[in-house]
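Chemist: The working numbering numbers the first residue of the sequence shown as 4 and each following residue consecutively.
By construction, the Cβ of each residue, glycine as well, lies at the ideal position given by its N, Cα and C atoms.
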Amino acid sequence: MKAEWQKAKRIVIKIGSSLLIDEGGRLKDQWLSSLIGDVAQFVGRGCEVLIVSSGAIALGRGQLGLASGALKLEESQAAASVGQITLAHAYEERLKAHDLIAAQVLVTLGDTEERGRYLNARDTISTLLKLGAVPIVNENDTVATSEIRFGDNDRLAARVASMMSADLLILLSDVDGLYTTPPGDNKDAKHLCDIAEITPRIEAMAGSVGSDYGSGGMITKILAGKIATKAGVHMLITSGQIDHPIKALFDGAPTTWFHAKGNAVTSRKRWIAGGLECRGGLVIDAGAAKALLSGKSLLPAGIKSLSGSFERGDVVIVCDENKKEIARGLCAYNIHDAQKIIGHHSKEIAGILGYEGRTAMIHRDDMVLL
4 MKAEWQKAKR
14 IVIKIGSSLL
24 IDEGGRLKDQ
34 WLSSLIGDVA
44 QFVGRGCEVL
54 IVSSGAIALG
64 RGQLGLASGA
74 LKLEESQAAA
84 SVGQITLAHA
94 YEERLKAHDL
104 IAAQVLVTLG
114 DTEERGRYLN
124 ARDTISTLLK
134 LGAVPIVNEN
144 DTVATSEIRF
154 GDNDRLAARV
164 ASMMSADLLI
174 LLSDVDGLYT
184 TPPGDNKDAK
194 HLCDIAEITP
204 RIEAMAGSVG
214 SDYGSGGMIT
224 KILAGKIATK
234 AGVHMLITSG
244 QIDHPIKALF
254 DGAPTTWFHA
264 KGNAVTSRKR
274 WIAGGLECRG
284 GLVIDAGAAK
294 ALLSGKSLLP
304 AGIKSLSGSF
314 ERGDVVIVCD
324 ENKKEIARGL
334 CAYNIHDAQK
344 IIGHHSKEIA
354 GILGYEGRTA
364 MIHRDDMVLL
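This is the structure:
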């Protein structure tokens, strides 16, 4: 068993439409039940599992009787709105059979890129995982404002894995990994087991391996691999065309591993430390500085003053009383609300702002010490 399996505690599983939906537009009940059985075993071992699921549009188009072939934007949106209900119910039923709670989370790529929305999405999913739920994440196709993009759910899964500092991303596909050339075009194509780095040569091997219902192909999976591994998340591609596809991995099923350098937490903090422009600064007292150095979050009570002009999710510099920079982090409040609550205990925030805000000004997971 690979070390990546043994160490993985937070796992994202991406499921393509062609695995979930048959040619008649119906849900593959037995397959989904087998997959959820595998998920339940993961959870039983103390792992946290998120599922990024395609299939809403494919389900909805069958229910609405839409013809095969490309759909107009408004047809895709209508199909998604119908299919999401069926899809969410299917997951709920099967997870409930294992005494697990399903949670539906609809996001867009923008929710993983714009920092304020990023924090909201991550906090919500983190809370669901903490409470023992299994988040079912999907692209919010119902309110898409541009054409449904090629392979979004592969890339979306990678961005979700990055956002949640996952240890492992599993892409279940209609192929069992990356080959030197597309296996459908060349019988001599060789399966690749381990990819240490995604080079232009590796990208050139992807070719085009699409399917009737899936919007992606190997190309988008390679792009997902670049996003995931850069963020410190290991990724694998394997076939999902058998029952119990996750169990099959432990039994030695073919797969292609894309190995990350470092880990998700290290990569994320490196991004905060040097990859984003600082929009403001905080000066904290000695007690707060000591708390930060011991691994605690920064609470409003320990902040003496603010500077700059920042919004929720922007990076701010944290200085001690001697104006020495000791940390950087993503602020949970904009400067206007932050100014109102500094020096106050967290339990006073709701009374001051009129809404129940975050307990910490900067959570320890959103901070890097310098």
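If you follow the alpha helix (DSSP H) that Gly305 is in, where does it begin and where does it stop?
Modeler: Where Gly305 is concerned, there is no enclosing alpha helix (DSSP H), given that its DSSP letter is neither H nor E.
Chemist: For Val163, name the three-state secondary structure that DSSP assigns.
Modeler: helix
Chemist: If you compare alpha carbons, which of Gly354, Leu309, Asp368 and Phe253 is closest to His339?
Modeler: Leu309
Chemist: Is Gly40 near the ligand SAM - that is, is its Cβ less than 6 Å away from at least one heavy atom of it?
Modeler: Of ligands this structure carries none, so the ligand SAM is not represented either.
Chemist: Compute the beta-carbon to beta-carbon distance between Ala292 and Asp323, rounded to the nearest angstrom, for a pair I have assumed lies under 8 Å.
Modeler: Taking a contact as a CB-CB distance under 8 Å, the pair Ala292 and Asp323 counts as one, their CB atoms being some 5 Å apart.
Chemist: Within the same chain, show all residues whose beta-carbon is closer than 8 Å to that of Phe45, passing over the 5 residues directly before and after it, in chain order.
Modeler: Ile14, Val52 and Ile249
Chemist: Could you have a look at Arg64 and say whether DSSP puts it in helix, strand or coil?
Modeler: helix
Chemist: CA-CA distance, Glu351 and Lys99?
Modeler: 38 Å
Chemist: By Cβ distance, which residues of its chain are closer than 6 Å to Leu174, with the 5 residues on each side in sequence left out?
Modeler: Lys17, Lys224 and Ile240
Chemist: Within its chain, find whatever has a CB closer than 7 Å to the CB of Ala43; leave out the 5 residues flanking it on each side and keep chain order.
Modeler: His101 and Leu103
Chemist: Any idea if Pro203 is buried or exposed, counting beta-carbon neighbours within 10 angstroms, 16 or more meaning buried?
Modeler: Exposed is the call here.
Chemist: For Pro303, tell me which candidate among Cys334, Asp317 and Arg282 has the shortest Cα-Cα distance.
Modeler: Cys334
Chemist: Rounded to a whole number of angstroms, what is the C-alpha to C-alpha distance between Leu172 and Tyr94?
Modeler: 19 Å
Chemist: With burial defined as no fewer than 16 other Cβ atoms inside 10 Å of the residue's Cβ, what is the status of Thr258: buried or exposed?
Modeler: buried
Chemist: Look at Ser37 and Asp177 and say whether their C-beta atoms are less than 7 Å apart.
Modeler: No.
Chemist: Got a sec? Which residues, its chain only, sit under 7 Å from Ala82 by beta carbon, not counting five neighbours each side?
Modeler: Ile60, Gly63, Arg64, Leu67, Leu69 and Leu74
Chemist: Between Trp34 and Glu7, what straight-line distance do the alpha-carbon atoms span, to the nearest angstrom?
Modeler: 25 Å
Chemist: Where Glu117 and Ala207 are concerned, what is the direct C-alpha to C-alpha distance, given to the nearest angstrom?
Modeler: 31 Å
Chemist: Select from Thr111, Ala251, Asp369 and Ser56 the residue whose C-alpha is nearest the C-alpha of Thr89.
Modeler: Closest in C-alpha terms to Thr89, from the list Thr111, Ala251, Asp369 and Ser56, comes Ser56.
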